[in-house]
Amino acid sequence: MLGWRHVFGDVTPESTLAFASAPSLPFTIAGAPIARDAAVIEAGLDWKLTPNATAGISYSGQFGNRDEDNAVKGKLEVAF
Numbered sequence: 000m001l002g003w004r005h006v007f008g009d010v011t012p013e014s015t016l017a018f019a020s021a022p023s024l025p026f027t028i029a030g031a032p033i034a035r036d037a038a039v040i041e042a043g044l045d046w047k048l049t050p051n052a053t054a055g056i057s058y059s060g061q062f063g064n065r066d067e068d069n070a071v072k073g074k075l076e077v078a079f
């Protein structure tokens, strides 16, 4: 899979919260900013080892101008 992700609006997630015991003292939590535009890539392969077992490997990645995210996953499925 190849794709392009575009973010509309604010790229820094932010929430204002307050404890029930002190509602007049709110605080703000900000997350890590994300890239406004990023390329998205996913690919994977599965191998049938036996009639009841399959092994697989997959890759996923996102590439922006300020950040990068990569993941490689392996799996083994056995049916009985």
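If you read the sequence shown in numbering that gives the first Met the number 0, its first letter stands for residue 0, the second for the next number, and so on.
Backbone N, C-alpha and C fix where the C-beta goes; we use that ideal spot for every residue, glycine too.
Note that the coordinates shown come from a computational prediction; the quantities given were computed from them, not determined experimentally.
**Request:** Check Ile33 in the structure and name its three-state DSSP category.
**Result:** For this step, residue 33 is matched to residue 34 along the sequence shown. In this structure, Ile33 counts as coil in the three-state DSSP scheme.
**Asked** What does Met63 pair with, by DSSP beta-bridge criteria?
**Response** Locating residue 63 in the sequence shown gives position 64, counting from the first residue. The sequence shown places Gly at residue 63, not Met. Per DSSP, Ala37.
**Request:** Compare the C-alpha of Gly2 against each of Gln61, Phe79, Arg35 and name the closest.
**Result:** Here residue 2 refers to the residue found at position 3 when the sequence shown is read from its first residue. Among Gln61, Phe79, Arg35, the Cα nearest to that of Gly2 belongs to Gln61.
**Proximity of Ser59 and Ile33 at Cβ, strictly below 8 Å** = What you label residue 59 is simply residue 60 of the sequence shown in a count that begins at 1. What you label residue 33 is simply residue 34 of the sequence shown in a count that begins at 1. No, Cβ-Cβ distance for Ser59 and Ile33 is not below 8 Å.
**Prompt:** Which residues does DSSP pair with Val71 in a beta bridge?
**Reply:** Your numbering for residue 71 matches position 72 in the sequence shown. DSSP output for Val71 lists Tyr58 as bridge partner(s).
**Item:** Residue from Ser57, Gly63, Ala37, Lys47 whose Cα sits closest to the Cα of Lys72
**Value:** Residue numbering aside, residue 72 sits at position 73 when the sequence shown is read from its first letter. For the residues Ser57, Gly63, Ala37, Lys47, the minimum Cα distance to Lys72 belongs to Ser57.
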